[in-house]
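Residue numbers (my numbering): 364 to 623.
All C-beta atoms in this analysis are idealised placements derived from N, C-alpha and C, irrespective of residue type, glycine included.
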């Protein structure tokens with residue numbers, strides 16, 4: 364129905380009521396962890412397909428009226444991307460990729476950044492608010508079990524996000540989303556939680572039980588990122604380092620290897 368009639372103004376109210384009904388379902392509200400997502404794979408796929416069609420096909424007025432529900436759908440999709448169920452995870456990632464594609468299309472068409480009542484502004488504002496949570500869940504998914512099946516779609520989605528942030532940086536959209544937004548989310552996801560874990564381990568009774576050791580999720584994530592990076596570069600030959608350049612050249616060479 365959405366794909367067939369969503370573009371017609373007289374059906375906008377019906378489309379909004381439909382997404383309201385879907386979003387208020389108790390079973391959807393319970394999708395708040397990878398475990399619960401694994402229990403409802405069919406629901407996740409149906410919800411992801413529906414919201415993708417809603418963004419692609421519905422009129423601007425329907426999307427603006429449903430901004431809070433679309434933000435909820437994006438948050439749920441980020442959580443569902445961590446599910447061990449392959450179909451559910453890929454459906455969620457595909458929806459977020461559709462979300463990025465629609466946002467990028469609107470920014471390309473209107474570089475001057477239109478009013479708050481446009482589809483593009485609504486979608487980009489949602490991304491700006493949900494970006495940190497997205498990064499956290501994507502890293503969790505890629506460092507977890509059965510990660511290989513979602514590498515391609517996750518990489519495509521992150522590439523879309525990087526392109527969107529880069530484009531916004533050069534246009535009037537910079538006030539909503541910019542390159543520093545992406546850098547900040549990455550830093551927060553990988554380093555901030557690890558820093559909090561370490562500080563927690565050095566306070567009170569924690570210092571006696573686990574002195575200086577990162578026991579929390581943030582610390583484990585950071586260690587896995589470093590381990591995976593080290594393993595992927597294990598067979599890369601170490602170049603000769605001129606002592607006059609010191610460690611700066613070492614860092615630069617490592618970065619070049621990483622980028623390549």
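task: Let me know the secondary structure DSSP gives residue 619 once reduced to three states.
output: The predicted position of residue 619 is uncertain, since its pLDDT is 46 and thus under 50; no value can be drawn from it.
- prompt: What is the DSSP secondary structure of residue 500, counted as helix, strand or coil?
  reply: The answer is helix: DSSP assigns residue 500 an H, G or I state.
message: Just verifying my parser: in three-state terms, what is the DSSP assignment at residue 481?
response: Assigned with DSSP and collapsed to three states, residue 481 falls in coil, not helix or strand.
query: How would you label residue 546, buried or exposed, when you count the other beta carbons within 10 angstroms and need 16 or more for buried?
result: Looking at its Cβ environment, which holds fewer than 16 other Cβ atoms inside 10 Å, residue 546 is exposed.
- prompt: Once you ignore the five residues that flank residue 440 on each side, which residues in its own chain have a CB closer than 6 Å to its CB?
  reply: Once the five neighbours on either side are set aside, the close Cβ partners of residue 440 are 455, 458 and 459.
- request: Give the straight-line distance between the Cα atoms of residue 428 and residue 503, rounded to the nearest whole angstrom.
  value: If you draw a straight line from the Cα of residue 428 to the Cα of residue 503, it comes to about 32 Å.
- request: Please state whether DSSP places residue 539 in a helix, a strand or coil.
  value: Coil, per DSSP.
field: Coarse secondary structure for residue 474, derived from DSSP in three states
entry: Reduced to three states, the DSSP call for residue 474 is coil.
query: Can you list, in chain order, the residues of its chain whose CB lies under 6 Å from that of residue 374, leaving out five sequence neighbours each side?
result: Taking residue 374 as the centre and dropping the five residues before and after it, the same chain places the C-beta of 368 closer than 6 Å to its C-beta, in chain order.
- prompt: Under a Cβ-count criterion, where at least 16 other Cβ atoms within 10 Å of its own Cβ denotes burial, should residue 376 be classed as buried or exposed?
  reply: By the 10 Å Cβ count, residue 376 comes out exposed.
- prompt: Which stretch, first to last residue, makes up the alpha helix (DSSP H) that contains residue 411?
  reply: For residue 411, the enclosing alpha helix (DSSP H) begins and ends at 404-420.
- prompt: Is it the case that the Cβ atoms of residue 493 and residue 434 are separated by a distance below 8 Å?
  reply: Result yes, Cβ atoms of residue 493 and residue 434 sit closer than 8 Å.
task: Assuming residue 452 contacts residue 533 (C-beta within less than 8 Å), just tell me the rounded distance between them.
output: In fact, because the Cβ distance is near 33 Å, the residues do not count as touching under 8 Å.
- request: Please report how far the alpha carbon of residue 544 lies from the alpha carbon of residue 538, in whole angstroms.
  value: If you take the alpha carbons of residue 544 and residue 538, they lie about 11 Å apart.
field: Anticipated Cβ contact below 8 Å, residue 540 with residue 527, distance rounded
entry: About 7 Å separates the two Cβ atoms, so the contact holds.
query: Using the beta-carbon count (16 or more within 10 Å), is residue 389 buried or exposed?
result: Around the CB of residue 389, fewer than 16 other CB atoms lie within 10 Å, so the residue is classed as exposed.
message: Whole angstroms are fine: how far does the CA of residue 366 sit from the CA of residue 511?
response: So the alpha carbons of these two residues sit roughly 32 Å apart.
message: I'd like to know whether the C-beta atoms of residue 490 and residue 529 end up nearer to each other than 8 Å.
response: No, the pair does not count as a contact, with Cβ atoms beyond the cut-off.
Residue 507 in three-state terms, based on DSSP: Coil at residue 507, not helix or strand.
- prompt: Among residues of its own chain, excluding the 5 on either side of residue 425, which ones have a beta-carbon nearer than 7 Å to its beta-carbon?
  reply: Cβ neighbours of residue 425 beyond the five flanking positions: 375, 378 and 379.
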